[in-house]
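>
Protein chains: 2
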Amino acid sequence: MKLAKELVAASTVPLVLSILEEGENYGYAIIQRVRELSQGEMEWTDGMLYPVLHWLEENGCVKSEWREAESGRRRKYYLLRPTGRKLLADQKAQWLTVHETLRRTWRLNHG
Amino acid sequence: MKLAKELVAASTVPLVLSILEEGENYGYAIIQRVRELSQGEMEWTDGMLYPVLHWLEENGCVKSEWREAESGRRRKYYLLRPTGRKLLADQKAQWLTVHETLRRTWRLNHG
DNA sequence: TTGCTATACCTAGCAGTGCAAGGCATCCAG
DNA sequence: CTGGATGCCTTGCACTGCTAGGTATAGCAA
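Structure below.
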């Protein structure tokens, strides 16, 4: 199933923050985690993720650290900061508000 | 709570279609219905709704009929068509896919 | 050694569009 | 006769998502 771009846009920040809430992580792995969590339904491109990560850092929601993996590769790990936790809580609340609104009609329409 | 514009964008079409699934309706009333369903959390402007309604009609998802209300006002009623029902089912499935993805992380993160 | 795939990160630039802002008309209450 | 609620419509451009392109290294196979 191809997901509408609006839906992808709406879920990007909450998903990234949620994944970072699981623990520090780096860009490439975040994309794979999204694939896992969505059971293959969501396929992010790196070109859409990195700008989001940079934005989150600029706004104090996450901080980043370069690290060397055992493999020898350089990875930029992102960690959630308090501001990011607040943003996540807010985004979660927003999502649930809309979800409840939709669910209300779906229930009425006997879904 | 102010809703992120991405989230509003993502929910517009599914919400409009869901409301029309409840029964034929017209623009102005749809905006009020959204306010009701969201318990005041979502406030749509007509400037964002009408173009969506027109798009849905152009694409055969709904059809419209001008009617005269008892009040004497002219209203343009929209009714859901089979194509619109299909789109709604698809949008609903998409929404639930993303919702499940988010819920999975939230559950893991012990929300 | 050469080439291919997976890993890993970055950003410029512009196509595409959401929606604010503005316009029009009618009904009713005060 | 004024203002607010009802009711519909469209233009235009500020904004931005994401494509497309760039860099680099590890590991493997031919």
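Chains as they are written, first to last, in this note's numbering: chain A, 106 to 216; chain B, 106 to 216. Note that CB positions come from ideal geometry on N, CA and C, so glycine has one too.
For Glu-170 (chain A), name the three-state secondary structure that DSSP assigns.
Strand at Glu-170 (chain A).
> Excluding sequence positions up to five away, which residues of its chain have a Cβ less than 7 angstroms from the Cβ of Leu-154 (chain A)?
Correct list, in chain order: Gly-132, Ile-135 and Ile-136.
> Please report the Cβ distance between Gln-144 (chain B) and Met-106 (chain A), rounded to the nearest whole angstrom; I am assuming they are in contact, meaning their Cβ atoms lie under 8 angstroms.
About 30 angstroms separates the two Cβ atoms, so there is no contact after all.
> If you reduce the DSSP assignment to three classes, tell me which class Lys-110 (chain B) lands in.
Lys-110 (chain B) falls in the helix class under three-state DSSP.
> Going along the region 118-135 of chain A in order, which residues come within less than 7 angstroms of chain B, judged by CB to CB distance?
Within the region 118-135 of chain A, the residues whose Cβ lies closer than 7 angstroms to some Cβ of chain B are Pro-119, Leu-120, Ser-123, Ile-124, Glu-126 and Glu-127, listed in chain order.
> Taking any Cβ of chain B, which residues in the region 141-163 of chain A have a Cβ under 7 angstroms from it, in chain order?
Of all residues in the region 141-163 of chain A, Leu-142, Ser-143, Glu-146 and Met-147 have a Cβ within less than 7 angstroms of some Cβ in chain B.
> For Lys-165 (chain A) and Met-147 (chain B), I'd like the C-alpha separation in whole angstroms.
At residue 165 (chain A) the sequence reads Gly, which differs from the Lys that was named. Cα-Cα distance, rounded: 28 angstroms.
> Please decide whether Val-139 (chain B) counts as near chain A, where near means a Cβ-Cβ distance under 9 angstroms.
Interface residue, yes.
> From this set, B:Arg-186, B:Ala-194, B:Pro-187 and B:Trp-171, which residue's C-alpha is nearest Arg-180 (chain B)'s C-alpha?
Nearest option by C-alpha distance: B:Trp-171.
> So, with DSSP's three-state summary, where would you put Arg-179 (chain A)?
Arg-179 (chain A): strand per DSSP, three-state reduction.
> Closest to Leu-168 (chain B) by C-alpha separation, out of B:Gly-189, B:Trp-149, B:Gly-177 and B:Asp-151, would be which residue?
Reading the sequence as shown, one finds Lys at residue 168 (chain B) and not Leu. Checking every option, the nearest Cα to that of Lys-168 (chain B) belongs to B:Gly-189.
> Give me the residue from B:Leu-125, B:Arg-178 and B:Arg-138 with the minimum Cα distance to Leu-158 (chain B).
The shortest C-alpha separation from Leu-158 (chain B) is found at B:Leu-125.
> Tell me, which residues are paired with Leu-185 (chain A) by DSSP?
A:Val-167, per the DSSP bridge assignment.
> Any beta carbon from chain A within less than 9 angstroms of Ser-176 (chain B)'s own beta carbon?
Judged by the 9 angstroms Cβ criterion, Ser-176 (chain B) is not in contact with chain A.
> Flag Leu-184 (chain B) as yes if its beta-carbon sits less than 9 angstroms from any beta-carbon of chain A, otherwise no.
No - not a single Cβ of chain A is within 9 angstroms of the one on Leu-184 (chain B).
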